[in-house]
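Listed below in structure tokens is the structure:
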């Protein structure tokens, strides 16, 4: 049975289709939106449309951007011979927030995952190899996630980048800063041991 | 520092302004929306606008409705002499889902809460009293929440409804069905004892 009007049901369905929003939260969000003043609702809808319309992918690194080239690629002070490969724009932002990386990026928009049909050709991998052929790159840092898919993608990249005669590195895997060994999983402890460095 | 373009920042801010959405979830939602196909994004924005534009309050009971009168009030099979007073449209839906109530409703759109400036005149209380004067009502069931605000509102309603010479009842407060006494709070246990009925 239908307890809400069609337009409210549609709104709840749209909310429930967003990631991490269950049916209860979807209802709460919908009622919140219906309770907002009309101009706030219009602004919400307009912001969604504007963000989608204006945002495109940087033609160099495929980061999200308002223009042809993203602000990182457009920055001449960055080291353009150093490329960090990440899975998603959010990963790029995470490294930008450290303020400790001065190279540029390459955003794959995913990781190889044959289980859900994501093959290398669905990612911006061909574009990475083209970029390496076109530009003067000294090192590719692979910063894909430390998951099965991220590691598989890292292996794939390392194979082709090595063939191009360019140094390829992988960010370290180990115990997170502030992490108590007791609560760290075995795989991570093993990786931390393998990756030990001289003191 | 700004890691995203203005339009993406605005989108993240709009998402973060929704209830129950923290900064991390806001970012995830924003990226999800940017990754959706353009027609899906347009549909999302349009659904929000349509729901807001079409939805108004039933002029009888102030339930959310597509028309002048909501489907409950328009249903002649319902007992219009029995009015259940609830705080929010979602509470009405909760009782509708039981399928066990055949009266009509009155939605207050809140509860008296002087701490945040919600006075009786901010709720649809005057409208309730007008309705009682206008219509032939036999009983008003007060189903406001079992919170301090809900109880205060219930007392306020009971005072005025009694003055109008109409029977006023309160839904029972007690141990939830399936609830183990051990985990039920003391106030609820006390209420359950007070409200005990003959077996």
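Residue numbers (this note's numbering), protein chains in the order written: chain A, 181 to 379; chain B, 181 to 379. Every residue, glycine too, gets a C-beta built ideally from N, C-alpha and C. As the structure is a computational prediction, the values presented were derived from the model and not from experiment.
Interface residues of chain A facing residue i [CB-CB closer than 7 Å]
i              : result
residue 227(B) : 190, 191, 194
residue 285(B) : Chain A residues near residue 285(B): none, gap ~12 Å exceeds 7 Å.
residue 237(B) : Result: empty, since nearest Cβ-Cβ is about 10 Å, beyond 7 Å.
residue 276(B) : 183
residue 224(B) : 194, 228
residue 214(B) : 231, 232, 235, 244
Short Cβ contact (9 Å threshold) for residue i with residue j
i              : j              : result
residue 282(A) : residue 311(A) : no
residue 320(B) : residue 265(B) : yes
residue 203(A) : residue 213(A) : no
residue 209(B) : residue 198(A) : yes
residue 293(A) : residue 268(A) : no
residue 230(A) : residue 190(B) : yes
residue 225(A) : residue 225(B) : yes
residue 183(A) : residue 304(B) : no
residue 354(B) : residue 368(B) : yes
residue 284(B) : residue 240(B) : yes
residue 309(B) : residue 344(B) : yes
residue 301(A) : residue 286(A) : no
residue 322(B) : residue 334(B) : yes
residue 325(B) : residue 291(B) : yes
residue 315(B) : residue 260(B) : yes
Chain-ordered neighbours of residue i on chain B, where CB pairs are closer than 8 Å
i              : result
residue 269(A) : 211
Closer than 9 Å at the beta carbon, the chain A residues around residue i
i              : result
residue 207(B) : 270, 273
residue 248(B) : Those within 9 Å of residue 248(B) in chain A number zero; the least Cβ separation is about 12 Å.
residue 218(B) : 232, 233
Selection from the options that minimises the alpha carbon distance to residue i
i              : options                        : result
residue 228(B) : 233(A), 236(A), 217(A)         : 217(A)
residue 185(B) : 239(A), 220(A), 190(A), 251(A) : 251(A)
residue 244(B) : 236(A), 262(A), 215(A)         : 215(A)
residue 340(B) : 298(B), 284(B), 313(B), 232(B) : 313(B)
residue 360(A) : 351(A), 372(A), 352(A)         : 372(A)
residue 246(B) : 219(B), 235(B), 327(B), 291(B) : 235(B)
residue 233(B) : 222(A), 237(A), 242(A), 336(A) : 222(A)
residue 237(B) : 237(A), 211(A), 220(A)         : 211(A)
residue 327(A) : 351(A), 376(A), 201(A)         : 351(A)
residue 242(B) : 270(B), 200(B), 219(B), 288(B) : 288(B)
residue 299(B) : 196(B), 263(B), 336(B), 280(B) : 336(B)
residue 270(A) : 188(B), 376(B), 356(B), 363(B) : 188(B)
residue 263(A) : 196(A), 347(A), 296(A)         : 347(A)
Reduced DSSP secondary structure (H/G/I, E/B, other) of residue i
i              : result
residue 296(A) : helix
Interface residues of chain B facing residue i [CB-CB closer than 9 Å]
i              : result
residue 221(A) : 228, 229, 231, 232, 233
residue 187(A) : 227, 230, 231, 232, 233, 234, 235, 246
Contact list for residue i against chain B, beta-carbon separation under 7 Å
i              : result
residue 200(A) : 205, 208
residue 282(A) : Those within 7 Å of residue 282(A) in chain B number zero; the least Cβ separation is about 14 Å.
Distance cut-off 8 Å: residue i Cβ against heavy atoms of the ligand MG
i              : result
residue 225(B) : Because no ligand of any kind appears in the structure shown, any question about the ligand MG cannot be addressed here.
(request) Enumerate, from N- to C-terminal direction, the unbroken alpha helix (DSSP H) stretches of 4 or more residues contained entirely within the stretch 236-282 of chain A. (result) 251-254, 269-278
(message) Restricting to runs no shorter than 4 residues, where is the alpha helix (DSSP H) found entirely within the stretch 186-232 of chain B?
(response) 186-196, 203-215
(request) Only counting runs of 4 or more residues, tell me where the alpha helix (DSSP H) segments fall wholly within the stretch 314-379 of chain B, in order along the chain. (result) 328-343, 366-374
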